[in-house]
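**Student:**
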Amino acid sequence: MATIEKAEHKELPQQLIPDPGPDVILGKGHTYDSVTARIAGISFLPFKNSPKKWLVGAFIAFCFVNLLMLAMGYLFMRGIGIWGVNIPIGWGFAIINFVWWIGIGHAGTLISAILFLLKQDWRTSINRFSEAMTLFAVACAGMFPILHLGRPWLAYWLFPYPNSMWLWPQPRSPLEWDVFAVSTYGTVSLVFWYVGLIPDLASMRDTAPHLWQRKIYGFLSLGWRNSAIHWHRYQKAYLLLAGLSTPLVLSVHTIVSFDFAISILPGWHTTIFPPYFVAGAIYSGFAMVLTLIIPLRSWYNMRDLITLRHIDAAAKFMLGTGLIVAYGYSMEAFFSWYSGDKYESFMYWNRMTGPYGFTYALLILCNIALPQMLWSRRVRHNILLVWILSLVVNTGMWLERFVIVVTSLHRDFLPSSWGIYIPTKWDWATFTGTLGFFMFLIFLFVRALPTISIFEVREVVHHEMHGQHNQPVAEEA
Amino acid sequence: MSHEATLSHPSGIHGVMVEFDTPEELLAACHEAHAAGYRKMDAYTPIPVEGLAEAIGFKHNKVALCVLIGGICGVVGGLGLLEWITVIAYPHNVGARPLNSWPAYIPITFECMILLASLTALVSMLAMNGLPRPYHSVFNVPAFQRASVDRFFLCIESSDPKFEQADTLRFLETLGGREVNVVPE
Numbered sequence: 048m049a050t051i052e053k054a055e056h057k058e059l060p061q062q063l064i065p066d067p068g069p070d071v072i073l074g075k076g077h078t079y080d081s082v083t084a085r086i087a088g089i090s091f092l093p094f095k096n097s098p099k100k101w102l103v104g105a106f107i108a109f110c111f112v113n114l115l116m117l118a119m120g121y122l123f124m125r126g127i128g129i130w131g132v133n134i135p136i137g138w139g140f141a142i143i144n145f146v147w148w149i150g151i152g153h154a155g156t157l158i159s160a161i162l163f164l165l166k167q168d169w170r171t172s173i174n175r176f177s178e179a180m181t182l183f184a185v186a187c188a189g190m191f192p193i194l195h196l197g198r199p200w201l202a203y204w205l206f207p208y209p210n211s212m213w214l215w216p217q218p219r220s221p222l223e224w225d226v227f228a229v230s231t232y233g234t235v236s237l238v239f240w241y242v243g244l245i246p247d248l249a250s251m252r253d254t255a256p257h258l259w260q261r262k263i264y265g266f267l268s269l270g271w272r273n274s275a276i277h278w279h280r281y282q283k284a285y286l287l288l289a290g291l292s293t294p295l296v297l298s299v300h301t302i303v304s305f306d307f308a309i310s311i312l313p314g315w316h317t318t319i320f321p322p323y324f325v326a327g328a329i330y331s332g333f334a335m336v337l338t339l340i341i342p343l344r345s346w347y348n349m350r351d352l353i354t355l356r357h358i359d360a361a362a363k364f365m366l367g368t369g370l371i372v373a374y375g376y377s378m379e380a381f382f383s384w385y386s387g388d389k390y391e392s393f394m395y396w397n398r399m400t401g402p403y404g405f406t407y408a409l410l411i412l413c414n415i416a417l418p419q420m421l422w423s424r425r426v427r428h429n430i431l432l433v434w435i436l437s438l439v440v441n442t443g444m445w446l447e448r449f450v451i452v453v454t455s456l457h458r459d460f461l462p463s464s465w466g467i468y469i470p471t472k473w474d475w476a477t478f479t480g481t482l483g484f485f486m487f488l489i490f491l492f493v494r495a496l497p498t499i500s501i502f503e504v505r506e507v508v509h510h511e512m513h514g515q516h517n518q519p520v521a522e523e524a
Numbered sequence: 042m043s044h045e046a047t048l049s050h051p052s053g054i055h056g057v058m059v060e061f062d063t064p065e066e067l068l069a070a071c072h073e074a075h076a077a078g079y080r081k082m083d084a085y086t087p088i089p090v091e092g093l094a095e096a097i098g099f100k101h102n103k104v105a106l107c108v109l110i111g112g113i114c115g116v117v118g119g120l121g122l123l124e125w126i127t128v129i130a131y132p133h134n135v136g137a138r139p140l141n142s143w144p145a146y147i148p149i150t151f152e153c154m155i156l157l158a159s160l161t162a163l164v165s166m167l168a169m170n171g172l173p174r175p176y177h178s179v180f181n182v183p184a185f186q187r188a189s190v191d192r193f194f195l196c197i198e199s200s201d202p203k204f205e206q207a208d209t210l211r212f213l214e215t216l217g218g219r220e221v222n223v224v225p226e
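Which chain is which? The protein sequence lines are A and B, in order.
The first sequence lines up with residues 48 to 524 when you count with my numbering.
The second sequence lines up with residues 42 to 226 when you count with my numbering.
Following this line, the structure appears as structure tokens:
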């Protein structure tokens, strides 16, 4: 009988496992067996042995899920009049949160697809987790346009399907492009995530301590038996999925930015929107990855699997994409002055000094000023500070969407149609509700599925046994 | 234990299997088995091993071709749908713009291509691998559950024309693995 170590699944490693530092992606002394047992062991932990912080966090998140249900229930009863949106600001929190959430998802695809194609080995420990983050963020994002429809139960009218009214959606509209972009993105993210999970589910099936767990993971693993020929096709399919996801992730946020850029509103009608939206999306996504993995590795004692190397690299990515975003802001400001168009220059002046001027100042502080601290190696290696900065960037990116949506709309061409947008408590309830929903899904995911790609970490173990990765790999972009 | 298993399963065996500690040993063994004339065999590894599928005689990976076809169907289907909607099914004059305003259809056509190509990648990979599959004989060997953890297996199947249980077992024993097992059907 095989003697795979099953005792380890009872509880987490007792003593603190130290971080091996910024040069290595995996702690010393790991074998194929030990990484499998460590990562799978988190899901096999008996419920009563869950970390206290997990229980408290999941409970708080669940409360916010209920708040979301309440907010949605009331919305369905009363209509979107319960929100603060009105003419001229017809696109309030709904679109702000939609763009914010979908942007957060983008880092997951970037880590799993683009860094895979670029052969960045530090992606291995965080790709599964980021893909899950993508999936849940897209789920949150998808809710907002549907809730904003007014008659959400007719959301299927957005898709072209043969119907008795013989009516079809308008495919020349960016809003219809969005329907296809977001639904494709959600589907492909799910496929990519699941394909990555199949071999790990087989590992879980083969090491699970209880029969019911073996049955569930066995069902989900589709009978994967690690055949060399299967691996060959698997790797080809995975590579192709990565290659397909790469243009997809760029196209999705480009299309999201078209929602604004195709219109003729000052503040929205700019050609810089697509690249700067994509950069902003990756910026906020990396911030969210850091916000989540820093507590995760500490709660589950995984500092040897998610090391300072990963945090350092993600922080550098945040710095780099943040600078692209800063360039976007400055070009936006420059062209509204340089164009000589009075509506454009008024819009930008109003954005900086009008009633919402404080949001613009906060945006510059959160997205441009404070993240410059990441230039310093000492800051990047201070885990607490990086975590706080990731929260700052998340806030900043949310403010960016608020500034773009609200300040561009609230001073229209005619002063008689000017207005002010104040989100109501139901706006906040829906937004914080989706935050809770997202966190709750993350908590469940950590509990039930391997948070780190087990077979890819086994590959890292294999490379390290052969000394191919003894020296730190080349610095990433 | 392998020989007891042989006795209790005189007929109807799936094949014989040998177990290794490292991918390098397994790769060498696969080359040897292929050189010895065995063709119907499979290797099982907890990590993808480069060159292993080729070593056991696997040549044509058709996943990429399927994905290409899926992508082309996505482009044709997506663009065709939009043209059909706007030109034939529901022609709608908006500010005298042409009915066939194809540049506006690029984003949706592109998304349809990605969607169909990705779904084809999933479905074709699973279908050609014969998955999902609820039962397979290799799982009858108790040690085999380590194929997804830390052991590397080579299984020569009984459907191989050169397969002769006693000879093949003896051959596998010469390969220097940990343990040789008969795989019951």
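Ideal Cβ positions, reconstructed from N, Cα and C, are used throughout, including at glycine.
Considering Cα atoms alone, identify which of 155(A), 110(A), 221(A) and 73(A) is closest to residue 168(A).
**Tutor:** Ranking 155(A), 110(A), 221(A) and 73(A) by Cα distance to residue 168(A) puts 73(A) first.
**Student:** How should residue 441(A) be labelled, buried or exposed, when 16 other C-beta atoms within 10 angstroms of its C-beta is the threshold for buried?
**Tutor:** By the neighbour-count rule (16 or more Cβ atoms within 10 Å), residue 441(A) is buried.
**Student:** Identify each residue in the stretch 271-299 of chain A for which the Cβ-Cβ distance to at least one residue of chain B is less than 8 Å, and report them in chain order.
**Tutor:** If the cut-off is 8 Å between Cβ atoms, the stretch 271-299 of chain A has 271, 272, 273, 274, 275, 276, 277, 278, 279, 280, 281, 282, 283, 284, 287, 288, 291, 292, 294, 295 and 298 near chain B.
**Student:** For residue 60(B), count neighbouring Cβ atoms within 10 angstroms of its own Cβ and tell me buried if that reaches 16, exposed if not.
**Tutor:** Residue 60(B) is buried by the Cβ-count criterion.
**Student:** Assuming residue 94(B) and residue 278(A) make a contact with CB atoms under 8 Å, what is their CB distance in whole Å?
**Tutor:** At roughly 7 Å, the Cβ-Cβ gap stays under 8 Å, so residue 94(B) and residue 278(A) are in contact.
**Student:** Along the chain, which unbroken stretches of the alpha helix (DSSP H) at least 4 residues long are found entirely within the stretch 458-521 of chain A?
**Tutor:** Complete alpha helix (DSSP H) runs here, min 4: 472-495 and 501-512.
**Student:** Rounded to the nearest angstrom, what separates residue 301(A) and residue 325(A) at their Cα positions?
**Tutor:** Taking the straight line from one Cα to the other gives about 7 Å.
**Student:** In whole angstroms, what separates the C-alpha of residue 176(A) from that of residue 203(B)?
**Tutor:** Each residue's Cα considered, the two are about 47 Å apart.
**Student:** Just the chain B side, please: which residues come within less than 8 Å of residue 80(A) by C-beta, in chain order?
**Tutor:** Within 8 Å Cβ-Cβ: 190 and 191.
**Student:** Using the Cα positions of residue 51(B) and residue 109(B), report the straight-line distance between them to the nearest angstrom.
**Tutor:** In this prediction, residue 51(B) has a pLDDT of 47, which is less than 50 and means its spatial position is unreliable; nothing more can be read from the coordinates.
**Student:** May I ask you to list, following chain order, the residues of the stretch 172-185 of chain B that have a beta carbon less than 9 Å from some beta carbon of chain A?
**Tutor:** For the stretch 172-185 of chain B, which is checked against every Cβ of chain A, the residues closer than 9 Å are 172, 173, 174, 175, 176, 177, 179, 180, 183, 184 and 185.
**Student:** With residue 60(B) as the anchor, note down where its beta strand (DSSP E) starts and where it stops.
**Tutor:** Its beta strand (DSSP E) spans residues 54-61.
**Student:** For a contact defined as C-beta to C-beta under 8 Å, what are the partners of residue 269(A) on chain B?
**Tutor:** Going along chain B in sequence order, the residues near residue 269(A) (Cβ under 8 Å) are 167, 172, 173 and 174.
**Student:** Between the stretch 374-390 of chain A and the stretch 110-128 of chain A, are three or more C-beta pairs nearer than 8 Å?
**Tutor:** No: the two stretches stay apart, fewer than three of their Cβ pairs being nearer than 8 Å.
**Student:** Put residue 199(A) into one of helix, strand or coil per three-state DSSP.
**Tutor:** If DSSP states are grouped into helix, strand and coil, residue 199(A) belongs with the helices.
**Student:** For chain D, is any of its Cβ atoms less than 9 Å away from the one on residue 222(B)?
**Tutor:** Structure shown: chain D not included; protein chains present are A and B.
**Student:** Should residue 153(A) be flagged as near chain B, meaning a C-beta pair shorter than 9 Å?
**Tutor:** So no, residue 153(A) is outside the interface.
**Student:** At a Cβ threshold of 9 Å, is residue 87(B) touching chain A?
**Tutor:** It does: the Cβ of residue 87(B) has a partner Cβ on chain A nearer than 9 Å.
**Student:** Between the stretch 101-118 of chain B and chain A, which residues of the former have a C-beta closer than 7 Å to a C-beta of the latter?
**Tutor:** The residues in question are 102, 104, 105 and 108.
**Student:** Output, in chain order, the set of chain B residues within a Cβ distance shorter than 9 Å of residue 322(A).
**Tutor:** Per Cβ cutoff of 9 Å: no residues; residue 322(A) is ~16 Å from chain B at best.
**Student:** Taking a cut of 7 Å between CB atoms, which residues from the stretch 202-213 of chain B lie near chain A?
**Tutor:** Residues: none.
**Student:** Leaving out the 5 sequence neighbours to the left and right, which residues in its chain are closer than 8 Å to residue 49(A) when beta-carbon positions are compared?
**Tutor:** Note that residue 49(A) scores 43 on pLDDT, short of 50, meaning its location in the model is unreliable and no value can be drawn from it.
**Student:** Can you check whether the C-beta of residue 476(A) is within less than 9 Å of a C-beta belonging to chain B?
**Tutor:** Chain B contact via Cβ: absent.
**Student:** On the DSSP letters alone, give me the boundaries of the beta strand (DSSP E) that residue 194(B) sits inside.
**Tutor:** Segment 193-198, the beta strand (DSSP E) holding residue 194(B).
**Student:** Are the beta-carbon atoms belonging to residue 106(A) and residue 159(A) less than 9 Å from one another?
**Tutor:** Cβ atoms of residue 106(A) and residue 159(A): not closer than 9 Å.
**Student:** Just checking, does the stretch 277-296 of chain A make contact with the stretch 139-149 of chain B on the three C-beta pairs under 8 Å criterion?
**Tutor:** They do not touch, by the three-pair rule.
**Student:** Between residue 159(B) and chain A, is any beta-carbon pair separated by less than 9 Å?
**Tutor:** Taking Cβ atoms only, chain A reaches closer than 9 Å to residue 159(B), which makes this a yes.
**Student:** Between residue 487(A) and residue 187(A), how many whole angstroms is the CB-CB distance? I'm expecting something under 8 Å.
**Tutor:** Contact flag wrong, Cβ pair sits at about 11 Å.
**Student:** Starting from the N-terminal side, write out each stretch of the beta strand (DSSP E) that is 3 residues or longer and does not extend beyond the stretch 315-391 of chain A.
**Tutor:** Counting whole runs of 3 or more residues, the stretch 315-391 of chain A contains no beta strand (DSSP E) stretch at all.
**Student:** Of all the options 346(A), 449(A) and 140(A), which has the alpha carbon lying nearest to the alpha carbon of residue 62(A)?
**Tutor:** Ranking 346(A), 449(A) and 140(A) by Cα distance to residue 62(A) puts 346(A) first.
**Student:** Given that a residue counts as buried once 16 or more other Cβ atoms are within 10 Å of its Cβ, and exposed if not, what is residue 78(A)?
**Tutor:** Residue 78(A) is exposed by the Cβ-count criterion.
**Student:** Could you pull the DSSP bridge partners for residue 411(A) from this structure?
**Tutor:** None; residue 411(A) has no bridge partner.
**Student:** With a cut-off of 8 Å on the beta carbons, I'd call residue 105(B) and residue 287(A) a contact; round off their distance for me.
**Tutor:** Confirmed, about 6 Å.
**Student:** Measuring CA to CA, which of 390(A), 428(A) and 504(A) is closest to residue 462(A)?
**Tutor:** With distances taken between Cα atoms, residue 462(A) lies closest to 390(A).
**Student:** Confirm, please, whether the CB-CB distance from residue 194(A) to residue 127(A) is below 9 Å.
**Tutor:** In this structure, residue 194(A) lies closer than 9 Å to residue 127(A) by Cβ.
**Student:** So, at 6 Å on beta carbons, what are the nonlocal neighbours of residue 70(B) in its own chain, with the 5 sequence-adjacent residues on each side left out?
**Tutor:** Result list for residue 70(B): 195 and 216, in chain order.
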